[in-house]
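Residue numbers (the working numbering), protein chains in the order written: chain A, 42 to 489; chain B, 19 to 130.
Right, here's the structure in full:
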């Protein structure tokens with residue numbers, strides 16, 4: 042299922058383009074969709090749940106994984122880029138992703154026009170369409186829900202560049218990246234005129250936009266930025282897996298808003314997304330620990346947390362597009378492949394993706410996006426009607442994934458280049474050794 | 019006077035403290051320390067990244083004692099802290115030149 046946004050403000054269009062009050066009234070009456078209070082309440086709740094994924098969820102998850110001297114820098118970067126994304130979203134992001142279509146058939150696949158900058162034309166009376174004809178939610182709620190998606194995606198990217206990137210560089214990067222990478226891809230996937238939407242790509246809650254996008258961007262960014270001093274020889278063990286565990290729990294809870302909220306209504310589709318968000322995650326958490334045992338390690342707490350995130354990532358595009366048992370298999374497969382990506386592939390290739398954003402979000406996102414084509418099919422218990430064959434759907438999914446990879450990689454390279462030109466990108470060696478908490482923010486996380 | 023430094027396994031601390039209390043030891047200083055000896059360290063693995071730590075956590079006791087009590091203290095610590103396995107720790111005894119109680123200015127054995 043694909044999310045769809047149509048401008049429901051017939052009254053606005055009418056008042057701009059006709060002089061006839063009678064016509065305006067008629068148009069409004071014909072197009073006025075029903076706004077259900079249950080749907081609205083659920084979408085408001087979902088929006089806040091996604092916020093909880095970022096602060097404190099992701100901030101604690103990422104913060105616990107770095108050394109104690111960099112704890113505050115991680116929490117600050119996650120919070121600050123999320124806040125920046127919210128402001129940019131209402132200023133021009135929403136318009137670029139979900140504004141009105143350009144008249145050109147080519148450009149309208151990639152981005153919408155700037156009619157809605159500063160939320161022009163959006164009011165408490167305007168609505169956004171859901172998947173049920175004639176049922177809508179208030180447009181402000183849709184704006185907020187999508188805002189949190191932009192905010193968490195840029196925060197996710199930072200996982201690969203922690204412990205060495207300047208705070209100012211992070212902010213410049215975030216501004217450029219959101220504009221040239223996130224907003225266009227969000228448009229391509231979710232707007233009815235978007236490229237992936239038209240191709241018929243399945244992405245229930247943002248596997249391409251959020252996870253493949255953040256994962257690939259994180260990989261390009263960390264390669265351009267370079268390794269941390271001392272990587273991989275010095276000990277860089279997580280300073281508090283307790284906090285990472287708390288963050289993992291908050292992410293899982295918040296993810297119900299992310300996935301089940303992506304149904305845009307409180308209905309059966311949301312309930313399917315809900316059960317899948319439970320079972321795919323549970324399967325992935327256990328399977329990661331099993332994979333550790335199979336290669337002779339101990340089943341670890343960090344392994345369990347990593348598996349949970351891998352499962353959540355993989356089930357994101359499949360949330361409302363899979364049966365529960367398809368989701369269990371999808372979570373398990375993603376967990377095993379992510380396990381090898383972070384513990385074998387990364388050391389082999391030598392890049393310093395510090396918190397494994399590529400290894401888990403990038404790789405897990407790709408497994409999820411491609412696997413969705415399979416678990417969607419009715420023969421595997423999926424909700425699809427079988428009208429598109431698995432092979433054909435796989436082709437569509439792979440094309441969407443490949444386009445996202447190329448777009449994210451090129452856009453990230455440009456954004457990092459600009460951040461480097463404006464800020465120098467990396468902290469000095471002295472600051473890096475002393476820790477970014479003191480060097481960049483003038484405080485310590487822990488004063489004993 | 020003697021100055022006794024004992025490195026022991028952390029879980030033995032309470033047992034040793036009780037035994038020394040029974041012996042009449044009036045005070046000691048305890049610190050959490052790390053070190054290595056014959057006992058090997060552990061390997062930690064985080065998402066496949068292996069770190070071997072060869073420093074193990076121990077507890078260090080520092081006790082100032084009169085010449086007459088010192089041998090009994092050493093013997094008590096040795097017997098109480100032993101598990102008969104490597105890593106049980108060591109006891110060092112140094113000659114102590116002077117001791118002063120800050121509150122009263124008393125010196126020598128009366129300051130202990």
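From the three backbone atoms N, C-alpha and C, an ideal C-beta is built for every residue, glycine too.
Asked, Found
"Option in B:59, B:25 and B:77 with minimal Cα separation from residue 50 of chain B", "B:77"
"Same chain only: Cβ atoms within 6 Å of residue 25 of chain B, ignoring 5 sequence neighbours per side", "76, 78, 107 and 108"
"C-beta atoms of residue 255 of chain A and residue 149 of chain A nearer than 8 Å", "no"
"Entirely enclosed alpha helix (DSSP H) segments - the stretch 38-108 of chain B, minimum 4 residues", "88-99"
"Local Cβ density within 10 Å of residue 274 of chain A, reported as buried at 16 or more and exposed below that", "exposed"
"Short Cβ contact (8 Å threshold) for residue 416 of chain A with residue 423 of chain A", "yes"
"Cβ distance (whole Å) where residue 332 of chain A is taken to contact residue 399 of chain A below 8 Å", "No, residue 332 of chain A and residue 399 of chain A are not in contact; Cβ-Cβ is about 18 Å, not under 8 Å."
"Short CB-CB distance (under 8 Å) between residue 66 of chain B and chain A", "yes"
"Span of the beta strand (DSSP E) around residue 202 of chain A", "Where residue 202 of chain A is concerned, there is no enclosing beta strand (DSSP E), given that its DSSP letter is neither H nor E."
"Separation of residue 488 of chain A from residue 163 of chain A, as counted between CA atoms", "47 Å"
"Proximity to residue 31 of chain B [Cα-Cα], best of B:53, B:20, B:115 and B:47", "B:47"
"Minimum C-alpha distance to residue 65 of chain B - residue among A:385, A:410 and A:435", "A:385"
"Closest residue to residue 102 of chain A among A:457, A:293 and A:362 (Cα-Cα distance)", "A:293"
"Neighbour flag for residue 58 of chain A against chain B, beta carbons, 8 Å", "Confidence at residue 58 of chain A is low in this model, with a pLDDT of 39, below 50, so the placement of that residue should be treated as unreliable; the coordinate-derived value is given next. No, its Cβ sits nowhere closer than 8 Å to a Cβ of chain B."
"Members of the stretch 252-283 of chain A near chain E, C-beta cut-off 8 Å", "The structure shown contains no chain E; the protein chains it does contain are A and B."
"Distance, residue 278 of chain A Cα to residue 68 of chain B Cα", "9 Å"
"Residue 215 of chain A vs residue 134 of chain A beta-carbon contact at 8 Å", "no"
"First through last residue of the alpha helix (DSSP H) which encompasses residue 123 of chain A", "112-129"
"Inter-stretch contact at 8 Å, needing at least 3 Cβ pairs: the stretch 365-376 of chain A / the stretch 255-274 of chain A", "no"
"Given 8 Å, three or more beta-carbon pairs between the stretch 219-232 of chain A and the stretch 124-134 of chain A", "yes"
"Three or more C-beta pairs below 8 Å linking the stretch 313-326 of chain A and the stretch 225-241 of chain A", "no"
"Short Cβ contact (8 Å threshold) for residue 117 of chain A with residue 208 of chain A", "yes"
"Where residue 112 of chain B sits in the DSSP three-state scheme", "strand"
"Within chain A, partners of residue 62 of chain B - CB distance below 8 Å", "278"
"C-beta atoms of residue 84 of chain A and residue 343 of chain A nearer than 8 Å", "no"
"Assumed close pair residue 291 of chain A, residue 94 of chain A - CB separation to whole angstroms, cut-off 8 Å", "7 Å"
"Test item: CB-CB of residue 472 of chain A and residue 484 of chain A under 8 Å", "no"
"Nearest-angstrom Cα separation, counted from residue 154 of chain A out to residue 180 of chain A", "17 Å"
"The stretch 78-95 of chain B contacting the stretch 38-46 of chain B, beta-carbon criterion three pairs below 8 Å", "yes"
"Contacts around residue 74 of chain A, its chain only, beta-carbon distance under 8 Å, and the 5 residues preceding and following it disregarded", "49, 168, 170, 175, 176 and 177"
"Bridge-paired residues (DSSP) for residue 176 of chain A", "A:75"
"Buried or exposed by the 16-neighbour rule on C-beta atoms within 10 Å, applied to residue 120 of chain B", "exposed"
"Cβ-based burial, residue 280 of chain A [other Cβ within 10 Å; buried from 16]", "buried"
"Presumed contact (8 Å Cβ cut-off) between residue 412 of chain A and residue 360 of chain A, rounded CB distance", "So it is not a contact: roughly 12 Å between Cβ atoms."
"Beta-carbon proximity of residue 86 of chain A to residue 246 of chain A, cut-off 8 Å", "no"
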